[in-house]
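Here is the structure we will look at.
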Amino acid sequence: MSLYMFPKEKLAAFVEALLPNYRVVGPVQTEYGYAFDDIASPEQLQLDYTTTVLPPKKYFLPQREVLFNFSNEADDQGQPHLDVRPVYADVEPTVIFGVHTCDMNGIMLYDKVFAEGYKDEHYAARREQTYVIGIECLRPCDSAAFCKDMGTLTAPPVYDLHMTDVGDYYMVDAGTGRGEQLLLDHVPATMARKEDIQQLGHVLSAKWPNFRMRLKMSKDQTPSLLTLGYRAKLWEELGEKCLACGSCTNVCPTCFCFDVQDELDITMENGARARIWDSCQLREFALVAGGHNFRETKASRVRHRVMRKGKYIKQVHGLLGCTGCGRCERACLVDITIPGTLNALSDEMQLEPGD
Ligand code: SF4
Ligand code: SF4
Numbered sequence: 002m003s004l005y006m007f008p009k010e011k012l013a014a015f016v017e018a019l020l021p022n023y024r025v026v027g028p029v030q031t032e033y034g035y036a037f038d039d040i041a042s043p044e045q046l047q048l049d050y051t052t053t054v055l056p057p058k059k060y061f062l063p064q065r066e067v068l069f070n071f072s073n074e075a076d077d078q079g080q081p082h083l084d085v086r087p088v089y090a091d092v093e094p095t096v097i098f099g100v101h102t103c104d105m106n107g108i109m110l111y112d113k114v115f116a117e118g119y120k121d122e123h124y125a126a127r128r129e130q131t132y133v134i135g136i137e138c139l140r141p142c143d144s145a146a147f148c149k150d151m152g153t154l155t156a157p158p159v160y161d162l163h164m165t166d167v168g169d170y171y172m173v174d175a176g177t178g179r180g181e182q183l184l185l186d187h188v189p190a191t192m193a194r195k196e197d198i199q200q201l202g203h204v205l206s207a208k209w210p211n212f213r214m215r216l217k218m219s220k221d222q223t224p225s226l227l228t229l230g231y232r233a234k235l236w237e238e239l240g241e242k243c244l245a246c247g248s249c250t251n252v253c254p255t256c257f258c259f260d261v262q263d264e265l266d267i268t269m270e271n272g273a274r275a276r277i278w279d280s281c282q283l284r285e286f287a288l289v290a291g292g293h294n295f296r297e298t299k300a301s302r303v304r305h306r307v308m309r310k311g312k313y314i315k316q317v318h319g320l321l322g323c324t325g326c327g328r329c330e331r332a333c334l335v336d337i338t339i340p341g342t343l344n345a346l347s348d349e350m351q352l353e354p355g356d
């Protein structure tokens, strides 16, 4: 695709031009920190944000989403007939501005999870209607980020447009044809010249020393480390500390487990099936018929989460289940972190770097 540029002072005009045609969302300042939210006017958009409490996954997989309505009504012959109608509520053309590279990696994983095997029509409907506009991270959000370790410091091919701040201009890579059209229809962008592309190269190479590494091992070693450490003492220690609150999974851009609930109206004839975010850290998550709980202890649940992040999801989808965004570290009240856990496991297993 093509590389464009536009002056930074035109950003407001770009957003303004999009507003009549699209729902525009992006990072805004709130009393709790930054959050992705609806943009009503360009000055709300904070592209220089650190990170948001929740990732943009909520626009693809809402916290609560009705999948279909059902009713049990008599047909023309008076026989009971179950009528099921899919619901695609609030699916509208949406532009998400300012997605960091870690969160784009989260979207790349979701694209696999919800499209491989059974295609999730609800996810697909939202995804198809959503333009992703990324912003290149030139410095870490804060000390909890470990995107460099996880290889998510570069933009994966899920964006429609990807912007890099190169001083007075944004350089914009058009990742899709529809993204290119969105740009050209809404802002006076020009093709980047050879010297602009060289400047972009300088900006991109200058950013790497700003990011530190936090893991004692390479990300490619985490599946074997977790295999080796399945019976480590560490899990009991973490289980003792964990509050089983589920905050870590709620804020995670790669967690996608959900509960499915049927909600009946007062006649018990009509209702809706909804899916709602769930958390493997909650005791009820693994509670099944007969009162059996196949992950009763907190130790087993903490281990399961880390196993999914560093091993299981990769086995199924080919990508690690952690983007290094650091949100679970910020959210956890007892300081259970992914780098801390993997490093402690490496110590317990007495691995040397490079093992
Ligand atoms: S496990 Fe934690 S650091 Fe990794 S993607 Fe999820 S929230 Fe981010
Ligand atoms: S946020 Fe921390 S305390 Fe809460 S469930 Fe996750 S690891 Fe446990």
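Everything in the sequence shown is counted per our numbering, starting at 2 for the first residue and increasing by one.
Just so it is clear, CB atoms sit at the ideal spot from N, CA and C, and this is done for glycine as well.
C-alpha gap between residue i and residue j, whole angstroms
| i | j | result |
| --- | --- | --- |
| V289 | R179 | 46 Å |
| P158 | T102 | 10 Å |
| G99 | L183 | 15 Å |
| L19 | P94 | 11 Å |
| D336 | V252 | 15 Å |
| L62 | A90 | 12 Å |
| F15 | N344 | 44 Å |
| P210 | H203 | 13 Å |
| N70 | D279 | 21 Å |
| I267 | R274 | 15 Å |
| D76 | K58 | 40 Å |
| K242 | L235 | 11 Å |
| I97 | V85 | 32 Å |
| N271 | L334 | 42 Å |
| D39 | Y33 | 16 Å |
| F286 | G292 | 12 Å |
| G247 | T31 | 22 Å |
| T298 | I339 | 19 Å |
| E17 | R65 | 30 Å |
| G428 | P141 | For residue 428 there is no data in the structure shown, the boundaries of the chain being 2 and 356. |
| P81 | M269 | 14 Å |
Under the three-state DSSP convention, the category residue i falls into
| i | result |
| --- | --- |
| F71 | strand |
| H293 | coil |
| N22 | coil |
| T95 | strand |
| G322 | coil |
| I277 | strand |
| V317 | helix |
| Y111 | helix |
| D348 | helix |
| N66 | It is Glu, not Asn, that sits at residue 66 in the sequence shown. Here E66 sits in strand by DSSP. |
| D121 | coil |
| D76 | coil |
| D84 | strand |
| F15 | helix |
| A116 | coil |
| P57 | helix |
| L343 | helix |
| D38 | strand |
| Q30 | strand |
| T52 | coil |
| T338 | coil |
| T298 | coil |
Residue j beta carbon less than 8 Å from that of residue i
| i | j | result |
| --- | --- | --- |
| S347 | L226 | yes |
| C249 | C329 | yes |
| L110 | H318 | yes |
| A245 | R284 | yes |
| G341 | A300 | no |
| K9 | Y170 | yes |
| F257 | V114 | yes |
| V29 | Q45 | yes |
| A190 | Y23 | no |
| L154 | C148 | yes |
| A146 | L162 | no |
| T131 | Y60 | yes |
| F7 | V173 | yes |
| T52 | F37 | no |
| L321 | K220 | yes |
| A156 | M105 | yes |
| A233 | M308 | no |
| G311 | P224 | yes |
| V88 | V67 | yes |
Buried/exposed call for residue i, threshold 16 Cβ in 10 Å
| i | result |
| --- | --- |
| Q262 | exposed |
| V150 | The sequence given here places Asp at residue 150; Val does not occur at that position. With 16 or more Cβ atoms within 10 Å of its Cβ, D150 is classed as buried. |
| R128 | buried |
| F295 | exposed |
| I134 | buried |
| G327 | buried |
| A116 | exposed |
| R302 | buried |
| M218 | buried |
Check: residue i C-beta below 7 Å from any heavy atom of ligand 3
| i | result |
| --- | --- |
| G327 | By its list of ligands, the structure shown excludes ligand 3, since it contains just ligand 1 and ligand 2. |
* To do: List in chain order: all unbroken alpha helix (DSSP H) runs of 4+ residues lying wholly within the region 192-275.
  => 195-208, 223-229, 235-242, 248-251
* Asked: Taking the runs of the alpha helix (DSSP H) that are 4 residues or longer, which of them lie wholly in the region 141-192?
  -> 148-151, 178-187
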